[in-house]
Every structure is written in C-alpha cells, then in structure tokens.
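Student:
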Amino acid sequence: MPDPIFPFIDIAIDSKGNIFVAGVTTSGEFPVVTAGYDTTYNGGDDVFVVKYDSELKHLLAATFIGGKSNDWSRAIYIDGQDNIYITGKSWSRDFAGGIDKAFVNELVQDIGFIVQLDSSLSMIKSIAYIDNADIFAIAPGHDGTLYVAGGITSDPQAEVRALTAGFDRKYHGGMSDGFVARYGVTGLDQLMNFTLIGSSGVDEIIDIKVNDQNFVYLVGYAGASDFPTTSDAFDNTYNGGFTDAFVVKLDGELSTLVASTFLGGQNIDRGHSLGIDDHDQIVVTGATESADFPCSEVSFDNSFNGGENDMFLTVLSGDLDKIIASTFVGGSARDRGIDLVITQDNHIVVAGETSSSNFPVIGDSRTNKYSGGQTDMFLVLFDISLNYLGGSILGGKQEDLMPQLALINKDVLVVGSTASNDFPSKRTMKAVDYSQRMFDLFVSQISFK
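In structure tokens, the structure reads:
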C-alpha cells in the first residue's frame with residue numbers, strides 16, 4: 000500500500016457541486032457502477048475514482064484505474080470544463096490499458112501518471128507520464144496551463160530532457176529530486192516546461208500552488224545543504240537532521256528560481272501542504288521534530304511539545320524573505336499537519352493526524368477528546384495571524400489516517416481513511432488494506448460556526 004507518510008486519497012468538487020474522491024483500493028467488492036471507464040478490479044492496488052451528488056446521498060459514477068501491479072493515486076483536480084485529473088504512481092505495464100512504451104528502458108521501474116477523465120468517469124481522454132516519478136500534486140495556472148510536481152529518482156526521459164526551458168535540468172543523485180512539469184492549454188500532449196529542483200540528498204515536492212501573477216510556489220523537504228536557495232531568503236542555511244522543509248517560488252515558465260528558503264531546525268522537518276492568502280502570503284503546514292523550529296515569539300505555542308513530532312503552521316511573505324507568524328500545534332506524542340485550505344474569510348483550516356491524548360482542542364467542536372487507537376485525525380482553525388479559533392478531533396477506537404480537505408461554500412469537506420468501526424460518519428466504503436489492517440474511506444462535511 001502507499002507510503003503512509005503521504006496522502007493517497009484526495010477530494011474535489013465540480014462546477015455543479017458534485018463531489019469526487021480518488022483513492023486506492025485492494026477490494027474487488029468496491030462499489031463501481033456500470034457506467035465507469037473500468038468496472039473490473041485489476042489486482043494489486045488499484046486507483047479508484049467516485050462521484051457523489053452534492054449531499055453525498057447518491058453514488059453517481061465510479062471507476063477503477065490500474066493494471067496488474069500496484070497503482071497509487073495522489074491528487075485530484077477538476078478544471079473549468081469539469082474534466083477530472085488524477086495524479087499518482089504506477090508499477091503496472093498494463094496501466095489503463097497499456098503503456099508499455101514507458102517501460103522500454105530497463106531502468107524504468109515505475110511511472111508517475113496524470114490521467115484526464117470525463118465528468119461521467121466513463122472515458123479516459125488523455126494520459127501523460129514521467130519515468131521513475133511520483134506525482135504528488137497538481138495545480139492550475141492562471142493562463143490555462145496545468146502544473147504537476149513530485150519526486151523523481153533518475154534523469155527524466157528523453158522528450159523531457161529535450162526541453163530547453165527549466166531552472167535545472169540536472170539530476171543531483173541521492174534518493175530523489177523534486178520536479179515540476181507544466182502542460183499546455185491544449186492538454187496533456189503538450190509538455191511545455193520541466194525543471195528538477197534538488198540536492199545530493201532526498202528531495203520531494205509534496206504540494207504546489209500558483210498565484211494570480213502565475214508564480215509557482217512549492218513545499219516539500221530537502222535532504223542536503225546543496226539544495227538551491229536564494230541569498231535574500233528567510234533561511235538559506237540547511238539546519239541539519241535528515242531533512243529540512245523548504246518553500247520555493249518559481250516563475251511560471253519554471254526557468255527562474257525567484258526565491259527559495261529552508262524551514263526547519265536541527266532534527267527532521269517536512270513540509271506537506273501550502274496555501275496562498277488574499278495578500279499573497281504563503282501558509283505552510285507539515286511536521287517537525289525540531290525544538291528549535293522557527294516560531295514567532297508571540298504565538299499560539301512557541302514550545303515544542305515532545306513526542307515524535309509536532310505539527311507546524313507558518314505564514315511567510317510572498318517573497319519568502321521573512322516569517323509573518325509561526326507556531327507549533329501538538330501534544331505529547333505524534334502530531335502532523337497534512338493538508339490545509341484557506342477560506343473565503345481568510346481563515347486557515349488544517350487537517351492532520353494526532354496520537355496525543357492532550358492534543359489542544361478549544362472552543363466549539365464536534366469532538367474534543369482523543370478517541371484512542373494509533374491515530375486520530377484533527378481539524379484546527381486559525382486566523383491569518385495564527386490566532387487559534389477552535390478545532391475538532393475525528394476518529395474512533397482504531398487507526399484514522401490521511402485527511403484531505405476541500406471547501407464547499409462555508410463548510411469543509413474532509414476525506415480520509417479509517418479502521419474504526421465507531422468512526423462518526425455515515426458515508427464510508429471499503430478502500431484499502433494497509434499492512435493487513437482493513438480501512439474504509441470516509442467523507443464528512445464539517446461546519447465551523
């Protein structure tokens with residue numbers, strides 16, 4: 000099953016309010032209706048995509064995507080014409096009907112894929128792939144183009160190397176480099192720009208956003224001091240530990256490193272999700288094991304809480320030259336921020352995982368008690384100055400993982416994975432078998448009043 004560090008479930012909403020979820024299943028009994036592109040479970044881990052009405056009452060369409068080996072989803076995006084894009088990673092030579100050309104080179108062990116489906120999930124309109132890659136994130140440009148980002152473990156294929164544009168065309172070794180690819184307005188058959196961004200260590204890009212000026216922001220983690228930063232950035236010195244989080248700003252053509260900063264302390268730090276607020280400030284969340292992670296002197300919590308790690312939440316200037324606000328969030332065990340969204344009133348909602356019985360939940364919440372098991376999920380609400388406005392814990396007596404968020408009017412939709420029979424949700428389905436533990440997928444709608 001997918002790496003439990005990174006999400007393999009995601010959620011998006013189309014122009015009509017229909018709700019789409021992508022994920023991974025090992026179940027041949029997964030509820031796929033006859034209208035789907037592929038109604039037959041292919042073996043191993045298969046990607047699934049499901050479509051619900053806006054009230055989550057009716058399953059409108061569903062499909063498998065995959066082959067005989069393992070296939071993992073990472074992200075979902077819906078464009079202005081309600082085309083559905085799924086990104087992820089596959090080991091299947093027969094993925095989506097066969098892409099053997101991707102495996103002609105014996106050095107290609109897996110591929111990162113982008114699949115475009117129609118809104119009914121009955122047809123694959125196009126597929127693009129990148130050799131030896133995992134595509135974690137996807138975001139639209141403001142010029143009709145499409146960006147994807149992730150990690151890659153070798154030099155890219157020849158047609159990618161042939162592109163002249165790109166900040167960095169050299170693979171730096173180590174376990175992986177980050178990469179960004181840009182596709183044109185005509186579709187996935189038009190790869191316009193590509194760049195690597197990495198070091199001699201392990202580097203991966205976990206999230207990507209594009210602002211109104213078409214600057215591209217990235218968050219992830221870097222494993223060595225030779226990761227590229229800019230001289231006027233908040234922190235251009237690697238802080239130690241196995242990885243530092245990073246935040247990067249590129250121009251829209253991926254040819255110029257506009258700004259780049261480390262974000263971390265002396266232990267392990269990873270950036271997982273980012274957002275851009277109304278004032279072009281950059282909001283980042285992730286997980287840190289560093290007691291010296293940079294926090295504001297006056298903040299919700301400027302002290303590391305112990306245990307394996309704390310969630311961090313940081314607001315940076317758009318030029319990445321200073322921290323506006325930064326705080327720890329956590330208890331005495333394991334806490335990490337996984338996804339965030341910024342609401343219409345410029346509030347920040349973060350979803351994550353906690354193993355801390357003393358995780359801080361204040362104000363009105365549906366649940367303010369840790370439910371047990373290995374992990375629960377949480378939602379926390381902050382204003383843009385990082386004043387803590389409230390939160391909620393979601394979970395049951397078993398393991399609850401991988402929350403992802405989408406905004407629906409003034410509410411938040413949460414999708415994730417649960418092994419808890421007492422999980423407080425009416426909408427679940429068989430999804431994954433992770434390390435011999437059965438998980439269901441859930442979708443919940445949360446209101447912060």
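When we follow numbering that gives the first Met the number 0, the leftmost residue of the sequence shown carries the number 0, and every step to the right adds one. Don't be surprised by glycine CBs; every beta carbon is placed ideally from N, CA and C.
Evaluate residue 118 with the Cβ neighbour count: other Cβ atoms within 10 Å of its Cβ, from every protein chain shown; 16 or more gives buried, anything less gives exposed.
Tutor: Under this definition residue 118 is a buried residue.
Student: Let me make sure I understand the geometry here. Which of 290, 307 and 154 has the alpha-carbon closest to that of residue 301?
Tutor: The shortest Cα separation from residue 301 among 290, 307 and 154 belongs to 290.
Student: Report the three-state DSSP secondary structure of residue 159 (helix, strand or coil).
Tutor: Three-state result, residue 159: helix.
Student: Pick out whichever of 220, 304, 323 and 280 has its Cα sitting closest to the Cα of residue 296.
Tutor: Out of 220, 304, 323 and 280, 323 has the C-alpha closest to the C-alpha of residue 296.
Student: If you follow the beta strand (DSSP E) that residue 203 is part of, which residue opens it and which one closes it?
Tutor: Per DSSP, residue 203 belongs to the beta strand (DSSP E) from 203–209.
Student: How big is the Cα-Cα spacing for residue 103 and residue 130?
Tutor: Since pLDDT at residue 103 reaches only 49, below the 50 mark, its modelled position is unreliable, and the value read off the structure follows with that caveat. Near 11 Å, if we compare the C-alpha coordinates of residue 130 and residue 103.
Student: Rounded to a whole number of angstroms, what is the C-alpha to C-alpha distance between residue 427 and residue 442?
Tutor: Here the model assigns residue 427 a pLDDT of 43, short of 50, so the residue's position is not dependable and the matter cannot be decided.
Student: Taking the beta carbon of residue 38 as the centre, do at least 16 other beta carbons fall within 10 Å, making it buried, or is it exposed?
Tutor: Per the 10 Å Cβ criterion, exposed.
Student: What are the start and end residues of the beta strand (DSSP E) that includes residue 342?
Tutor: Where residue 342 is concerned, there is no enclosing beta strand (DSSP E), given that its DSSP letter is neither H nor E.
Student: From this set, 258, 376 and 198, which residue's C-alpha is nearest residue 152's C-alpha?
Tutor: Out of 258, 376 and 198, 198 has the C-alpha closest to the C-alpha of residue 152.
Student: Quick check on residue 363: does DSSP put it in helix, strand or coil?
Tutor: Below a pLDDT of 50, predicted positions are generally treated as unreliable, and residue 363, at 47, falls in that range; no measurement from the model is reported.
Student: In the DSSP assignment, what residue or residues form a beta bridge with residue 536?
Tutor: The chain is shown only over 0 to 448; residue 536 falls outside these bounds and no answer can be derived.
Student: Looking at residue 36 and residue 121, is the spacing between their C-beta atoms short of 7 Å?
Tutor: Contact flag set, yes.
Student: For residue 182, report the span of its beta strand (DSSP E) as first-last.
Tutor: Note, residue 182: beta strand (DSSP E), 176–182.
Student: What three-state label does DSSP hand residue 95 in the structure shown?
Tutor: It is helical.
Student: Give the secondary structure of residue 469 by DSSP, where H, G and I count as helix, E and B as strand, and everything else as coil.
Tutor: Outside the displayed range of the chain (0 to 448) lies residue 469, so it cannot be described from this structure.
Student: So, using beta-carbon positions, are residue 204 and residue 148 closer together than 7 Å?
Tutor: Yes, the pair counts as a contact, with Cβ atoms nearer than the cut-off.
Student: Got a sec? Which residues, its chain only, sit under 7 Å from residue 241 by beta carbon, not counting five neighbours each side?
Tutor: Around residue 241: 222 and 267.
Student: At the level of alpha carbons, what is the spacing between residue 206 and residue 273?
Tutor: Each residue's alpha carbon lies about 6 Å from the other.
Student: Taking C-alpha atoms, which residue in 16, 10 and 280 lies nearest to residue 408?
Tutor: Out of 16, 10 and 280, 16 has the C-alpha closest to the C-alpha of residue 408.
Student: Taking just the CA atoms, how far does residue 386 sit from residue 112?
Tutor: Spanning the two alpha carbons is a distance of roughly 39 Å.
Student: Can you give me the C-alpha to C-alpha distance between residue 66 and residue 127, rounded to a whole angstrom?
Tutor: Going from the Cα of residue 66 to the Cα of residue 127 covers about 16 Å.
Student: Check each candidate in 359, 250, 280 and 355 and name the one with the smallest Cα separation from residue 307.
Tutor: Of the candidates 359, 250, 280 and 355, the one whose C-alpha sits nearest the C-alpha of residue 307 is 355.
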